[in-house]
Structure formats: structure tokens, C-alpha cells
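S.K.: Let me give you the structure first, and then I'll get to my questions.
Protein chains in written order, with this note's numbering: chain A, 330 to 626; chain B, 102 to 521.
And the structure:
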């Protein structure tokens, strides 16, 4: 069982005057899926390249299992770069075995493992085909196999779900779950916030090279501004006069409110009951998309 | 966790410690792939076959050209013994003196018959006394008439034949013999140094070596640059960089492409030598083989350096389209070597035979001409090896610096700086 976590400390990278990644620190704990979220140019790819040692950091360090990451460590990491590509004119199986051999896996072992994974991703029987003959989605699956083979101790996946159909996403999620079950930390970036919300046990939100939020989605949601939905018997315009209550939106009997504290909430309820009656008063958990918009605003 | 039960094989259950063998053999894995992928490349195979066919055809043409003897039919006046003797003397001129032609005589009854023979093509030329009298010419001499101007080789041979016959006749009239008159008047050629390789063969050999170098260096060089940028453009190199040190990747590529380039040249050289053995020039085979061995050795060492530089050219590019630009200096150098070496001679050639990369062609040519002392190729090879080592060292650094940089073309300086 793997118990090593990935730890990023004060990672910074400048390109000339531009600081693409600015003092980024976070942890991708062992056995958890950590989602890496941020807009275009937020610094996700640059951070991942530094974690993998493809790009040298200007300052800061990457630690794995409590110690600075070594070349030998990285050799056991599975990596999926942002821009996909393989040898277009080489058969699928041949090049996957080649990549496995570079990581020191013996040929028979690599073959068995690759064939098994291709099978699970629905590519059985296509192992002899040239990569350029495959659809983009299928090329993506081959790339996934390249990252996952050889029992990696850490997975760093840049946009692994982009271009996959829903069935392939599910297959991919199952595969990743096997690795987290082994205790492997998985760090993946994505633009699909709903997917991240569904999958991630941990979330790092990046904006302009800085970490804006970092934690379990639940915690982030709790930490986010809690809102209440109020449905009254008549027009709810009166809520604007209640002290400690900020009306975000009022539409006839329905109001979306930010309530300062419990006293204000009691005041709101009492006032409502006095007037047209209260049909509904519920706390509204912010969605990840809302949190994202809030922290990156 | 070392689960040894292999069935069922759940994804990724290779124990981590098993997955990490040393990286030491990584270059070998890379080299094998380079060789296999390239050797199975259709373009490469077709090119190889076409080249082999061209070499064989060229040698075949030379063999045919060499074995071919000129043959002429010369019309002579019937009963003119002097004319017949002159033709026979012309036919007797040995091959080494530009003779070796097959001459037959056709006796014609009179001038009209002779003209008819020329017009009908039965005779190539008509040898007859200038004053028209049969049975030997007077002081007016002889005339060779053709339908158009007579063939130059035939004219040259018959001039000699007629002169010889006339000399013999005049000598006899003066009471002596032709042999006595010409005694001590022969001229033979000699050389101070070297083997018996004539300048024409030498030119052809230097042209062939320059071409071998050109095809091998440019073809394999472009291939290595292409394969580097292919990996860079597709980001495959990022995956590989996390698995093996980049210098292993470079070493594997250089060695792989060198093996292919060298094998290709060995095939060409072998086919060329084999084909040459069927031609009249077979006598130069021993000295040519020695020269070719030097060439293969020089090429092997020189190409290591070239391949390294070509790999950097690939790494400096960001996409395949950039290659044309980044490989330009290399292409110019290789083409320069090609044009300079096969046309060089004298002191210039001696200098070239020590200048790295040009020496790959020039030194073996000098060995062939017998112009180089025994220690010269060795010294030149050491200079070439020094160049190759320097190129490898600089390239290794530039390759590491450029390979993981993305976005546009990268300059040598920036590549070398980022590798720090």
C-alpha cells in the first residue's frame, strides 16, 4: 500500500517578466483524487510540468513521501502531458511496450499489462493498428494507458478527460479508482467542473499562477458564502428591510438571501411569519462552479 | 507489496520496486527502436534499393563500355597490297596506345564501287592513293574518304598505319629497315610515387565517395532531426524525459542512426566493389578496397558528430515545419563537403583531408591515389574523432536545453544557456 503524498512548496516559475506560477503550495494526499482547476493560463500545466521535472522551477520544491522528489521517484510517476501525441506511424502495442521498457519494465510484463488495459478501455483487437488510424478519442485512451502502466506511485494527468465520451469517462474513473485504492495520489486538471465536483476528494483552485482555494470540496462549500432561499405567501420585497439580511435576488415570493448570523435568520423568519407566512426557508449550498467563480472573481 | 499471483492481472499491479530497474540500459532500448523503425521505413528501403540498382547499372554500363571494341570496315582498291598492309598495321596498334580496334578490309574494283560501298554503308571509309594510281601511292600520299568525315579513331589509327607502311617502304628503298631507323625512339611513361590508378579512375572514385557521404550524411541526418522533432512536437519526449535521462535518449538516437547510415554505406560499397570486379577496372580493386575501408571508418566516426548536431537541429525546432530552417547550416556543410571534395586537388585536397567531415571523403581519396603517407589517415582520423567528441559534448548540452522548451524555434545560444 502506497502512503506517499505529493507535496508542492512555494513553487514559482517565471518566463522573463511573466510569473506563470507564483508561490504555489498544496498537497495531493495519498489515495485521493485531487482536482486541479483553473482557467486558461492559470498555471496548471506549468505546475504539472515542474512536478514531473520537465520544467525547472525558478524557486520552490516538489516533495514526495516527505522528501525532495528524485529522478528515481519520477521514473515511477505516470504522466499525461497536455498536448497529446504518440508516434503516429507505429502500432499501438509496440510503442506502449517501448515506453514501458524505458521505465524499466520487462517486455513480457509490459505486453501483458498493456493488452489488459487496452481491453478495458475498449481497444482490444486494435493493438496492431497504427496510432494515426485511430480516432482522437481512442488515441487519448492509448495515452491514458501510457500514463497508467507500470504501477505508478503518483499520477499527474493534464486534462485526462477532455475528448472522452461519457462511457470512456466512466472507464477512466474506474481505472483511476483502482490506483487511489492502492494509495496512489492522483492529481488531474480539468475544465469540467461538474466532473471535478463528482470525482474529487480534494480541490486546488488556481488563478493567475496563485492558489485561490485548497481543500476538500465539502469544506470549500462550507467556507463559501452560505445563502438561504425564502419562499413567502406574498411578495417578498419586504426582506430588504430586515437588518443583517442582504437580498441577492428577489423575484415575487422567492428571495435568495445572504444572512449575516443566526439572530438575523430568526428575525427574518419571525418577520415572514407575521406577514404573508413562510412556505420555505432553506440553506443553499454553493455549487463548485459558484465557489470557483467566487474565488477567481 | 509483491503480489506474485499473476491471474487475474489487475491493471498496474507491477510492484513498484520491480518497475524501477536501472536506467543504465535505456540508451540500448532507444537505439534498438531507432534501428528497427528506420530499417522498416518504406521510404528508406525504397531509397536503398533504388541506390543499389543505380550503382549496379552504372557498373554494368562501365563494364559494357570497357569491353566494347570499335570495328570498322575499310574499302581498299583491289590488289593494293600497301593499302591492305596499312590497314593491318593500324589494326595492330595495341590497346594501351589507343588502338585495339577491329579493322576489316573490303576490296573494291574501282572508284565507283568504292563510292557505292560508302553510300550503302558496306564500308566506313575508303583508303586510296591521292593520285589515283593503284599499287602504292606516289609522293602525293593517301586519302581517307568517308561518306561524311571519317571516324576520328579510324583516322588516327590509319594515319599511324599508313605512316608505318610508308616508312617501311621508304626504308627498304633506301637500303635499310624501319626498325633501324626508329631504334631508340620509343617513349614510355613512368611515375615517381603511388599505385597504378589513373586520374580518370581517381576522379570517378572521389565522386563516388563524395556521393556516398552526401547520401548517407544528409539522409540519416535528416532522419534523426525528424525523429527528434516528432517526439518533441508530440510531447512524447516529456513522458520519456521523466523515465530516462535525456542523454540516454540522445545517445540511443545517435548510435541507432549511425548504425543505419553506416550499414547503408557498407551495402553501397559492397555492391559497388562487387560490380566493379566485373569491369576492366578490376585491377584497382585492392587499392580501392583499402580506400573504402578507410572511408567506412572515417564515415563512422564523422557521422557520430554530424548525427549529434542534427539531433540538436531537431531539438531546436518546435514543429516539423521548422526543421528546414534549423537544419540549414548542417545541410550547407554537407553539400559543401560534397562539392569541394570531389573536385579538390593538389594542396587544397591535402588541406581538406585534415578538415573534419571533409576528411571523410578527401583522405580516402588521397589513400587511393597513393598520395598519403601511412600516418596521414591515422592523424586525420584522430582530428576527426576530436571533432566528433566535441560535437557530442556540445550537442548533448544543447539538446537537453532545447528539447523541453516549447513555442517557436530556439537558438543555439539559448539552448546551451538553458541546459546549465
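Every residue, glycine too, gets a C-beta built ideally from N, C-alpha and C.
1) Tell me whether the segment 495 to 509 of chain A and the segment 357 to 372 of chain A touch, counting them as touching only if at least three CB pairs, one residue from each stretch, are closer than 8 Å.
2) Could you tell me the alpha carbon to alpha carbon distance between residue 515(A) and residue 356(A), rounded to whole angstroms?
3) Pull up the DSSP beta-bridge partners for residue 483(A), would you.
4) Between 228(B), 391(B), 263(B) and 511(B), which lies nearest to residue 248(B) when the distance is taken from Cα to Cα?
5) Answer with yes or no whether the minimum CB distance from residue 442(B) to chain A is below 8 Å.
6) Take every Cβ of the segment 368 to 375 of chain A, pair it with every Cβ of the segment 567 to 582 of chain A, and state whether three or more of those distances are shorter than 8 Å.
7) Using 8 Å as the threshold, is the C-beta distance between residue 496(B) and residue 402(B) below it?
8) How long is the line joining the alpha carbons of residue 475(A) and residue 409(A), rounded to whole angstroms?
9) Helix, strand or coil: how does DSSP classify residue 344(A) here?
10) If you measure between the beta carbons of residue 303(B) and residue 369(B), is that distance less than 8 Å?
11) Excluding the 5 residues flanking residue 109(B) on each side, which residues of the same chain have their C-beta closer than 8 Å to its C-beta?
12) When burial is assigned at 16 or more other CB atoms within 10 Å of the CB, is residue 503(A) buried or exposed?
13) Could you confirm whether any beta carbon from chain A is found closer than 8 Å to the beta carbon of residue 330(B)?
14) Find the nearest neighbour of residue 310(B) within the set 151(B), 456(B), 141(B) and 394(B), judged by alpha-carbon distance.
15) Given residue 295(A), which residues of its chain have a CB within under 6 Å of its CB, disregarding the five upstream and five downstream residues?
16) Any Cβ of chain B within less than 8 Å of the Cβ of residue 406(A)?
17) Would residue 489(A) pass as a contact of residue 478(A) if the rule is Cβ separation under 8 Å?
18) Short check: CB of residue 485(B) to CB of residue 465(B), under 8 Å?
19) Could you tell me whether the Cβ atoms of residue 330(B) and residue 391(B) are closer together than 8 Å?
20) For residue 349(B), is the classification buried or exposed, using 16 other Cβ atoms within 10 angstroms of its Cβ as the cut-off for buried?
21) Give a yes or no on whether the minimum CB-CB distance between residue 103(B) and chain A is below 8 Å.
22) Within 10 angstroms of its Cβ, does residue 440(B) collect 16 or more other Cβ (buried), or is it exposed?
23) Quick one: is residue 379(A) near chain B, going by C-beta distance under 8 Å?
24) What are the start and end residues of each continuous beta strand (DSSP E) run of 3 or more residues lying completely inside the segment 554 to 593 of chain A, in chain order?
25) Secondary structure at residue 128(B), three-state DSSP: helix, strand or coil?
26) Is there at least one Cβ from chain A nearer than 8 Å to residue 335(B)'s Cβ?
27) According to DSSP, is residue 459(A) helix, strand or coil?
28) Checking 8 Å against the spacing of the C-beta atoms, do residue 489(B) and residue 503(B) come in under that value?
29) Would you call the CB atoms of residue 357(B) and residue 203(B) closer than 8 Å?
30) Quick one: grab the DSSP three-state call for residue 520(A).
31) Pull the bridge partners of residue 536(A) from the DSSP assignment, please.
32) According to a CB-to-CB cut-off of less than 9 Å, which residues of the segment 405 to 426 of chain A neighbour chain B?
33) On the DSSP letters alone, give me the boundaries of the alpha helix (DSSP H) that residue 347(B) sits inside.
34) In terms of residue numbering, what span does the alpha helix (DSSP H) encompassing residue 283(B) cover?
35) Excluding the 5 residues preceding and the 5 following residue 491(B) in the sequence, name in chain order all residues of the same chain whose CB lies nearer than 8 Å to its CB.
36) From the DSSP output, in three-state form, read off residue 119(B) for me.
M.R.: With the given structure in hand:
1) Counting Cβ pairs under 8 Å, three or more are found: they touch.
2) A straight-line Cα-Cα distance of about 11 Å links residue 515(A) and residue 356(A).
3) Partner(s): 406(A).
4) Selected option, being the one with the closest Cα: 228(B).
5) Not one chain A Cβ lies under 8 Å of residue 442(B).
6) In the pairwise beta carbon analysis, the segment 368 to 375 of chain A is classified as not touching the segment 567 to 582 of chain A: fewer than three pairs are separated by under 8 Å.
7) Between residue 496(B) and residue 402(B), the C-beta gap is not smaller than 8 Å, which leaves the two residues out of contact.
8) One C-alpha to the other measures close to 8 Å.
9) DSSP places residue 344(A) in strand when its eight states are reduced to three.
10) Not in contact: residue 303(B) and residue 369(B) (Cβ atoms no closer than 8 Å).
11) Because the pLDDT at residue 109(B) is just 38, under 50, the model does not fix this residue reliably, and the value given afterwards should be weighed accordingly. Nothing listed; no residue qualifies.
12) Around the beta carbon of residue 503(A), fewer than 16 other beta carbons sit within 10 angstroms, so the residue counts as exposed.
13) No, no contact with chain A.
14) Comparing Cα-Cα distances from residue 310(B) to each of 151(B), 456(B), 141(B) and 394(B), the minimum goes to 394(B).
15) The structure shown does not extend to residue 295(A), since chain A is modelled only from 330 to 626, so the question has no answer here.
16) Taking 8 Å as the threshold, the shortest C-beta distance from residue 406(A) to chain B falls below it.
17) Residue 478(A) is positioned such that its CB atom lies no closer than 8 Å to that of residue 489(A).
18) In this structure, residue 465(B) does not lie closer than 8 Å to residue 485(B) by Cβ.
19) No, they are not a contact pair.
20) Around the Cβ of residue 349(B), a 10 Å sphere holds 16 or more other Cβ atoms; the residue is buried.
21) Bear in mind that the predicted position of residue 103(B) carries a pLDDT of just 43, short of 50, making it too unreliable to give a figure here.
22) Exposed is the call here.
23) For residue 379(A), the nearest beta carbon of chain B is not closer than 8 Å to its own beta carbon.
24) Runs of the beta strand (DSSP E) inside the segment 554 to 593 of chain A: 556 to 561, 574 to 580 and 583 to 588.
25) DSSP, reduced to helix, strand and coil, places residue 128(B) within a helical segment of the structure shown.
26) Taking 8 Å as the CB threshold, residue 335(B) lines the interface with chain A.
27) If DSSP states are grouped into helix, strand and coil, residue 459(A) belongs with the strands.
28) Not closer than 8 Å, so no.
29) Going by C-beta atoms, residue 357(B) is not nearer than 8 Å to residue 203(B).
30) The answer is coil: DSSP assigns residue 520(A) none of H, G, I, E or B.
31) Residue 536(A) has 539(A) as its beta-bridge partners, per DSSP.
32) Within the segment 405 to 426 of chain A, the qualifying residues are 405, 406, 407, 408, 409, 410, 411, 412, 413, 414, 415, 416, 417, 418, 419, 423 and 424.
33) Per DSSP, residue 347(B) is one residue of the alpha helix (DSSP H) stretching across 347 to 377.
34) Looking at the DSSP string, the run of the alpha helix (DSSP H) that includes residue 283(B) is 279 to 283.
35) Scanning its chain for C-beta atoms nearer than 8 Å, with the 5 sequence neighbours on each side dropped, one finds around residue 491(B) the residues 406, in chain order.
36) Note that residue 119(B) has pLDDT 40, beneath the 50 cutoff, so the model's placement of it is unreliable and no number is given.
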